[in-house]
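In what follows, a structure is listed as structure tokens, so that the remarks can point back to it.
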Amino acid sequence: MDCKPLTFFLFLFFISLTESTIYPSNEVNLLDSKASQGELGWISSPSHGWEEISGVDEHYTPIRTFQVCNIMEYSQNNWLRTNWIPRKSAQKIYVELKFTLRDCNSIPLVLGTCKETFNLHYLETDEDQGAKFREHQFSKIDTIAADESFTQSDLGDRILKLNTEVREVGPITKKGFYLAFQDVGACVALVSVRVYFKKCPFMVKNLAMFPDTVPMDSQSLVEVRGSCVNNSKEEEPPKMYCSTEGEWLVPIGKCLCNIGYEEREVSCQACRPGFYKASSGNLACSKCPPHSYAHQEGSVHCDCEKNYFRAEGDPASMACTRPPSAPGNVISVINETSVILDWSWPADTGGRKDVTFNVVCKRCWPGPRQCEPCRGAVRFLPRASGLTNTTVTVADLLAHTNYTFEIEAQNGVSSLAPALRQFAAVTITTNQAAPSQVTVIRKDRTSRNSISLSWLEPERPNGIILDYEVKYYEKQEQETSYTILRSKGTNVTLSGLKPDTTYLLQIRARTAAGYGSSSRKFEFETSPDSFSISSENSQVVLIAISSAVAIILLTVLLYVVIGRFCGSSKSKHPDEKRLHFGNGHLRLPGIRTYVDPHTYEDPSQAVHEFAKELDASCIAIDKVVGAGEFGEVCSGRLRLPSKKEICVAIKTLKTGYTEKQRRDFLSEASIMGQFDHPNIIRLEGVVTRSKPVMIVTEYMENGSLDSFLRKHDAQFTVIQLVGMLRGIASGMKYLSDMGYVHRDLAARNILVNSNLVCKVSDFGLSRVLEDDPEAAYTTRGGKIPIRWTAPEAIAYRKFTSASDVWSYGIVLWEVMSYGERPYWEMSNQDVIKAVDEGYRLPPPMDCPAALYQLMLDCWQKDRNNRPKFEQIVSILDKLIRNPSSLKITANTTSRPANLLLDRNSTDITSFRTMGDWLESVRTLPCKEAFSGVSYSSCDTLAKTSAEDFKKIGVTIVGPQKKVVSSIKALETHTKDGPVPV
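Each residue of the sequence shown is one higher than the one before, starting from 1 at the first, in full-length UniProt numbering.
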């Protein structure tokens, strides 16, 4: 029987199934038999084996196929070899075959040997060998079998399915290769042969261009360095990895559009007219602010309109402004030689809020207007310039004098437009006024019964002085009896005085306006009976005595200072020096106190107060390990001068941040920088003077404690877990002693290093809440993590070290349960209600009784009854020193009376039968669930599934576990095994 007409007939059926294909962009064809419209010219050996057939598809496009069906002859070995295929740059080659194959069982009267497979071979060469064909030179790739073979009935129904098989070849090292198909007795038709390799196609990622890249081998990724698109620059060297499957992986680094350019699609385009961009980054161009324009493309700022200006410190996003108009409604109130000036705000402030006022004083004369600036004796209260209020008092003016006051409103751009500056003026004349105070009185000479005095005229006589009033009296009389003299001049002699007596004296001047204020009290003494000396000699004696006293006092002072300095340097520890901070905070010797950075008038000052500024060139970012509220979290290395390179964690502030975001971001560094303890995450420093802004801390290899425990479930000893808990408690004791309340103590906020040292971290509560909204419950004061927070903090926002102790108890439970979620799937509202009603978490499996008792102590409702962190550290130290105390587990001891399902429970050993236990459990809060439920033994009840529990009404995971653990304990207690009810 001749099979060839049959195979051709088969081909006519399946050509309608062949369709043009759009191949993936990461596949590059080296050969596609469907794309050839002429003869392929492949070599068939022997010539009567494989046969090339031409046809057309349903779109009348010519296609070529090869068929063979010599199943009526024995010992078939038919080879079909392709033309030489250059491999280009590929090493790993893929061969896609589409074919049909007939089921041997459907062919009657087969005389030879019928197969349902054929073989695929290849041969590498550096050049085309033409018609030379040696079968033994080829290496076998695989035996190809059909998933779908057709039968005679399929031909009748005109339904044929193509088989598609893909095989991998390589690595190919020579310049090209041949493929060969070996038929050993099958009825098969090759519809198409496609040879291709995979590449990572050209891509633009993070504004960096990555070229077509062919994987080099099948084992490793190819690192490809990207180049920034036009009008952009590197922020961090961009690179990606090309996989063996032609996929781009792990983008690192990025490019930023230059100033004046914005990211559009995958390129940086110039800002359109009317828009600008003042800084590099991938933010969009901004529209020009009011009273400014940008006529050109790619503007980095907008120019101000005529008569509008922008101050040097104004950001480019601020509208252009102008100087304010003059103040209005100036009112003056004169009081003798002082005046109060009051005015209203300018009608036009120029569009700015930084308006201040300057007052200029001029003294004027009658007649042709002649004025000169007031002299320095004139006082302005509070000051003459930079006034923020609309009132000022001018004092110490001259009486009966004309003054003009010019009041000018200024803002940040007034100096840029002097021609536009305006002021309001008011002219006043001061009233008649009494003279000012006499301030200088000299003693000229003394005797037994008299004192001669002289003085200087008041600084402001305010007119012609008519006379001076001199009032004096004996000091011991206390002004009950005094004498008054009047003098036309500036000197007087007081006579009729008592010898060796002290007198107090005051002088005041009088003008037509009346007396001025009295001088301060001056004290003078008359000479004793046996002693009279001229004023010149007395002055010499007084100078000599004063000098001697001064020398003695100076000697004593130096002795005291030197003695204290030497004593303090010997006795005091260097750490006990007084530390003063720029914000007025004082730390006493030997006492460290936490300082809230938000108490600083300028919060950024706190950053430089407590955190070390690092040079960005000393930091190398290796990879991104996560994302935070403000930007990326990376791992990297820090190399400081003359110090060993260390691994660090780096939090970066994303571009385009606001000043508030920057302050909030750095506030955590202001807090961490105050702490120095082995169980508190160490701050290495900050980068604030360059971008990106960074917080650099020590690197903790094992990440957060909760995920670390879940990853290593049941892999640690109890002593190791207690050691971790001791470290956390020690860190919290340090914070408590510092006066710092953490507010968000949880296992997720504890970091673990390679030595299993636990360190308290995350001193920004808002970040945690936004990352995990399910862990927070909104109250009037904000969001708090309900499952870890003490009742008083939830209800009244009373956060103290005692509320941190409650949270520590939850952390203790998390550690002993290897990262299990507190309260399981209970809702936040259910947690609040249950805790308020006295519910406490049950002990984790195999939890030592001592540790569970510590948990319960931490969860005391009255915060005054909770232990201090100092006591917790002491308790854990005792447990570590006495490991045998940890062998007694809470699961085999009696339960506290406040546990869920345990409010009326007793020791499990008191139950003798299963019936006793069920009778007891039916008295508990879940008794309704067990009403009418009958179990034959502990064993059957212990095997109850979670779904079974739900059916009888026990839906909370905790009670489910507790019931089962109680059953197991009862089963262990009963001596004769499970006891029937």
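Ideal Cβ placement from N, Cα and C applies to all residues, glycine included. It should be emphasised that the depicted structure is a prediction, and the values quoted were computed from it without experimental measurement.
(message) Would you call the stretch 258 to 274 in contact with the stretch 179 to 198, where contact means no fewer than 3 C-beta pairs closer than 8 Å?
(response) no
(message) Just to confirm the assignment, what range does the beta strand (DSSP E) spanning residue 66 have?
(response) 62 to 68
(request) Starting from residue 55, follow its DSSP beta bridges and name the residues at the other end. (result) 63
(request) Can you give me the start and stop residues for the beta strand (DSSP E) that residue 494 sits inside? (result) 491 to 494
(request) Reducing DSSP to helix, strand and coil, say where residue 121 ends up. (result) strand
(request) Tell me residue 275's beta-bridge partners as DSSP assigns them. (result) 287
(request) Could you pull the start and end residues of the beta strand (DSSP E) that residue 624 belongs to? (result) 619 to 627
(message) If I follow the unbroken alpha helix (DSSP H) through residue 189, where does it start and stop?
(response) Note, residue 189: premise wrong, no alpha helix (DSSP H); beta strand (DSSP E) at 188 to 198.
(message) Just to confirm, is the Cβ distance from residue 144 to residue 97 under 9 Å?
(response) yes
(request) Could you name the residues of the same chain whose beta carbon sits closer than 7 Å to that of residue 729, not counting the 5 residues immediately before and after it, in chain order? (result) 808, 869, 872, 873 and 876
(request) May I ask you to verify whether the stretch 473 to 484 touches the stretch 446 to 461, counting CB pairs closer than 8 Å and requiring at least 3? (result) no
(message) Let me check understanding here. Comparing Cα to Cα, which of 818, 817, 245 and 785 lies closest to residue 804?
(response) 785
(request) Going by DSSP, name the residue or residues bridged to residue 636. (result) 621 and 648
(request) Name the residue from 753, 755 and 725 whose alpha carbon lies nearest to the alpha carbon of residue 745. (result) 725
(request) State the start and end residues of the unbroken beta strand (DSSP E) segment that holds residue 365. (result) 356 to 365
(request) Could you tell me if residue 742 is buried or exposed, where buried requires 16 or more neighbouring beta carbons within 10 angstroms of its beta carbon? (result) buried
(request) Within 10 angstroms of the Cβ of residue 615, are there 16 or more other Cβ atoms? Answer buried if so, exposed if not. (result) exposed
(message) For residue 834 and residue 751, what's the separation of their Cα atoms in angstroms?
(response) 30 Å
(request) Answer yes or no: do residue 984 and residue 142 have a C-beta to C-beta separation smaller than 9 Å? (result) As displayed, the chain neither begins before 1 nor continues past 981, which places residue 984 out of reach and without an answer.
(message) Here's the rule: buried if 16 or more other CB atoms are within 10 angstroms of the residue's CB, otherwise exposed. What is residue 548?
(response) exposed
(request) Can you tell me which of the three DSSP states residue 229 falls into? (result) coil
(request) Using the DSSP secondary-structure output, state which residues sit across from residue 982 in a beta bridge. (result) An answer regarding residue 982 cannot be provided, because it is not within the stretch 1 to 981 covered by the chain.
(message) Using C-beta distances below 8 Å, list every residue in its chain close to residue 637, excluding the 5 sequence neighbours before and after it, in chain order.
(response) 619, 620, 622, 645, 646, 647 and 648
(message) Using 9 Å as the threshold, is the C-beta distance between residue 437 and residue 463 below it?
(response) no
(request) Would you decide whether residue 926 is buried or exposed? Buried here means 16 or more other CB atoms lie within 10 Å of its CB. (result) The predicted position of residue 926 is uncertain, since its pLDDT is 44 and thus under 50; a value taken from the coordinates is nonetheless stated next. That one is buried.
(message) For residue 507, count the other beta carbons within 10 Å of its own beta carbon; 16 or more makes it buried, fewer makes it exposed. Which is it?
(response) buried
(request) Could you tell me which of 213, 220, 135 and 163 sits nearest to residue 178, measuring between CA atoms? (result) 135
(request) Let me know if residue 130 comes out buried or exposed under the rule of 16 or more other beta-carbons within 10 Å of its beta-carbon. (result) exposed
(request) Output yes or no for whether 9 Å exceeds the beta carbon distance between residue 633 and residue 652. (result) yes
(request) Give the C-beta separation of residue 469 and residue 502 to the nearest angstrom, bearing in mind that I take them to be a contact with Cβ-Cβ under 8 Å. (result) That belief does not hold up - the Cβ atoms of residue 469 and residue 502 are roughly 21 Å apart, past 8 Å.
(request) Inspect the CB distances between the stretch 283 to 294 and the stretch 328 to 335 and report whether three or more fall short of 8 Å. (result) no
(message) Please state the DSSP three-state secondary structure of residue 422.
(response) coil
(message) If distances are taken between C-alpha atoms only, which option among 608, 761, 683 and 667 comes closest to residue 704?
(response) 761
(request) Use the C-beta contact count for residue 206: other C-beta atoms within 10 angstroms, 16 or more gives buried, fewer gives exposed. (result) buried
(request) Could you tell me the distance, in whole angstroms, from the CA atom of residue 215 to the CA atom of residue 171? (result) 11 Å
(request) In the DSSP assignment, find the beta strand (DSSP E) that holds residue 746 and state where it starts and stops. (result) Here residue 746 belongs to no beta strand (DSSP E), and DSSP marks it neither H nor E.
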